[in-house]
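Numbering (numbering that gives the first Met the number 0), first residue to last: 0 to 367.
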Amino acid sequence: MPKQWDIFCRIVDNFGDIGVCWRLAQQLYREHGMQVRLWIDDLAVANRLLPNLDVQLPQQVLDGVTIAHWTADFAFDGVAEVVVEAFACELPESYVQAMVAKPPVWINLDYLSAEAWVETFHLQPSPHPRLPLKKTFFFPGFTEHTGGLLREHDLLTRRDTYQQSVVSSEQELRVSLFAYPQAEIASLLSAMAGSERPVLCLIPESSLLEPVRQFFGDASLQAGETRTQGALTASILPFLSQSGYDQLLWSCDLNFVRGEDSWIRAVWAGRPFVWQPYVQAEDTHIIKLQAFLEFFLPELETEAAGIWHAFHHGWTRMQLAPDSWRQLTHALPAIRQHTAKKAQTLAEQVDMASQLIIFVRNFQQSQV
Ligand code: TRH
């Protein structure tokens, strides 16, 4: 079994690319004993998630993973046995040329989607147009015929222990909020302010801070501070570490998440969530949303499913219907039960890091 892995991560924008790559790198090292080098082009963004990263260093070891700065004058000391090109980030040309002498297992790790076509494209090979090299498309996904979802082997056990240790308030609805800044933040916060039940809304500091400041009419609002309006108490948290963010999700009655990685962490939290997909051209994100809801909602009782479906579409399309927040809060007990069950079922599938290991092993054997 090859042990040396190079993962290439180009941070397009936001935190999802590095969020996924870091989790994967960690898991390959911790759970499968791989030697992992993670190439990152933007150490400053990575530093938000990895507070112990030294952005000045060209190379460093963090939690067992070598992190190398991927700069314009890219230099490397040999090609790894397995190369992961995250999200079609395009490997440096010099690296690709060097791969020819001893071709590695070359994997393009794609974005997550619940769309049906993913099963067909998962593990399809793609020959290099000029060089005697071949890469394989690896698609994460929700079914057994895809590459699976990122999940550490002890994640649900740690979650259960944590959730049992937290006494939740019967009175207050505890919500975490992570979304794209163009979302209808003001409508949501004012619906929360008009709730029958007190709402504590926990907001990790991100690009959401600006719309939240506007809502409260207070440009000085910052991390560590709290504001109230009606039934709403909004608390700005510092941007959390990935494990701190997991715990936040585990502790809430409802989580607003976005993109790719926080979405799946919300699923694993087993608590109700509202997912806002990353906006893409030609409404591709709406297609992704619909595919996910079609996968996730069946077996939830009809009324709650209808409310949850409508809220997701309203939130993503930025057309929240006036009564949708009240309806959602009433449907939460049914949604909570359903999500917990769904997380348990999904956790019975082989996780993504293990599937990559299996693929690499099979690939090597087929070459002998
Ligand atoms: O930041 P994102 O919007 O990333 C997006 C998506 O991945 C999208 O698919 C991609 O195309 C685009 O980037 C380029 O959302 P995402 O995927 O949820 O990533 C956020 C990461 O940040 C995730 O790993 C969780 C982490 N996080 C923390 O560690 N602490 C925090 O306080 C918060 C709010 C998030």
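Backbone N, C-alpha and C fix where the C-beta goes; we use that ideal spot for every residue, glycine too.
Looking at residue i and the ligand TRH, is the gap between the Cβ and the nearest heavy atom below 8 Å?
{"i": "R257", "result": "yes"}
{"i": "L239", "result": "yes"}
{"i": "R22", "result": "yes"}
{"i": "L236", "result": "yes"}
{"i": "F14", "result": "yes"}
{"i": "P210", "result": "no"}
{"i": "V11", "result": "yes"}
{"i": "Y244", "result": "yes"}
{"i": "R264", "result": "yes"}
{"i": "F73", "result": "no"}
{"i": "D62", "result": "no"}
{"i": "P203", "result": "yes"}
{"i": "V273", "result": "no"}
{"i": "A247", "result": "The question names Ala, but residue 247 is Leu in the sequence shown. Answer for L247: yes, Cβ within range of the ligand TRH."}
{"i": "F177", "result": "yes"}
{"i": "F291", "result": "no"}
{"i": "S365", "result": "no"}
{"i": "F138", "result": "no"}
{"i": "F141", "result": "no"}
{"i": "D282", "result": "no"}
{"i": "L48", "result": "yes"}
{"i": "S261", "result": "yes"}
{"i": "Y277", "result": "yes"}
{"i": "V117", "result": "no"}
{"i": "F7", "result": "no"}
{"i": "V83", "result": "no"}
{"i": "Y110", "result": "yes"}
{"i": "V174", "result": "no"}
{"i": "G18", "result": "yes"}
{"i": "F310", "result": "no"}
{"i": "F86", "result": "yes"}
Under a Cβ-count criterion, where at least 16 other Cβ atoms within 10 Å of its own Cβ denotes burial, should residue i be classed as buried or exposed?
{"i": "T315", "result": "buried"}
{"i": "G77", "result": "exposed"}
{"i": "E114", "result": "buried"}
{"i": "T119", "result": "exposed"}
{"i": "V367", "result": "exposed"}
{"i": "Q279", "result": "exposed"}
{"i": "G15", "result": "buried"}
{"i": "A352", "result": "buried"}
{"i": "V166", "result": "exposed"}
{"i": "T70", "result": "exposed"}
{"i": "H152", "result": "exposed"}
{"i": "I357", "result": "exposed"}
{"i": "M0", "result": "exposed"}
{"i": "L248", "result": "buried"}
{"i": "A338", "result": "In the sequence under discussion, the amino acid at residue 338 is Thr, which differs from the Ala named in the question. Buried: at least 16 other Cβ atoms inside 10 Å."}
{"i": "E298", "result": "exposed"}
{"i": "K340", "result": "exposed"}
{"i": "P271", "result": "buried"}
{"i": "G258", "result": "buried"}
{"i": "D350", "result": "buried"}
{"i": "L32", "result": "Reading off the sequence shown, one finds Gly at residue 32, where the question assumed Leu. Exposed."}
Could you say which of the options lies nearest to residue i if we only look at CA atoms?
{"i": "T328", "options": "I6, L148, W116 and R173", "result": "R173"}
{"i": "R66", "options": "F86, L111 and L42", "result": "Before going on, a small fix: residue 66 reads as Ile here, not Arg. When only C-alpha atoms are compared, the closest one is L42."}
{"i": "P91", "options": "V104, V99 and F73", "result": "F73"}
{"i": "L23", "options": "S365, Q363 and Q354", "result": "Q354"}
{"i": "K2", "options": "Q364, R360 and S365", "result": "R360"}
{"i": "I306", "options": "V273, W116 and E143", "result": "V273"}
{"i": "E171", "options": "P237, Q289, L208 and S250", "result": "S250"}
{"i": "Q241", "options": "L288, F362, H308 and L49", "result": "L49"}
{"i": "V183", "options": "L247, H68, G18 and W324", "result": "Note that residue 183 is Glu in the sequence shown, not Val. Comparing Cα-Cα distances from E183 to each of L247, H68, G18 and W324, the minimum goes to W324."}
{"i": "Y94", "options": "S186, L130, Y28 and V117", "result": "L130"}
{"i": "S205", "options": "Y244, V83 and S186", "result": "Y244"}
{"i": "Q336", "options": "H284, H68, A268 and P124", "result": "A268"}
{"i": "T232", "options": "D350, A304, R47 and P197", "result": "P197"}
{"i": "V370", "options": "V60, L188, H31 and C8", "result": "Nothing in the structure corresponds to residue 370, since the chain is present only between 0 and 367."}
{"i": "I6", "options": "V54, F75, H312 and L52", "result": "F75"}
{"i": "P126", "options": "E143, T142, I106 and H144", "result": "I106"}
Worksheet item: Fully enclosed by the stretch 106-170, which alpha helix (DSSP H) runs are 4 residues long or longer?
Response: Segments of the alpha helix (DSSP H) lying fully in the stretch 106-170: 116-120 and 154-164.
Worksheet entry | Inter-stretch contact (C-beta, 8 Å, three-pair minimum) for the stretch 158-170 and the stretch 18-37 | Contact between the stretch 158-170 and the stretch 18-37 is absent: fewer than three C-beta pairs spanning the two stretches fall below 8 Å.
Fill in: alpha helix (DSSP H) segments (min. 4 residues) lying fully within the stretch 223-279
Complete alpha helix (DSSP H) runs here, min 4: 241-250 and 260-268.
Fill in: Cβ pair count under 8 Å reaching 3, the stretch 133-147 against the stretch 99-111
Contact between the stretch 133-147 and the stretch 99-111 is present, because at least three Cβ pairs lie under 8 Å.
Discussion item. Please give me, in chain order, every unbroken run of the beta strand (DSSP E) with length at least 3 that falls completely inside the stretch 11-82.
Written reply: Here the runs fully enclosed are 34-39, 58-61 and 64-68.
Worksheet item: Just checking, does the stretch 58-74 make contact with the stretch 317-337 on the three C-beta pairs under 8 Å criterion?
Response: No: the two stretches stay apart, fewer than three of their Cβ pairs being nearer than 8 Å.
Practice prompt. Determine, using beta-carbon pairs with one atom in the stretch 248-267 and one in the stretch 226-240, whether at least three such pairs fall under 8 Å.
Written response: Three or more Cβ pairs closer than 8 Å define a contact, and the stretch 248-267 falls short of that threshold against the stretch 226-240.
Discussion item. Within 8 Å, do at least three Cβ pairs link the stretch 291-308 to the stretch 209-225?
Written reply: Here the stretch 209-225 makes no contact with the stretch 291-308; the two share fewer than three CB pairs at distances below 8 Å.
Worksheet entry | alpha helix (DSSP H) segments (min. 4 residues) lying fully within the stretch 178-218 | The stretch 178-218 contains these whole alpha helix (DSSP H) runs: 184-192 and 208-215.
Practice prompt. Could I get the ranges of all uninterrupted alpha helix (DSSP H) runs contained in the stretch 283-355, with 4 residues as the minimum, in chain order?
Written response: Secondary structure in the stretch 283-355: the alpha helix (DSSP H) runs of 4 residues or longer, each lying completely within the stretch, are 283-295, 301-315 and 323-345 in chain order.
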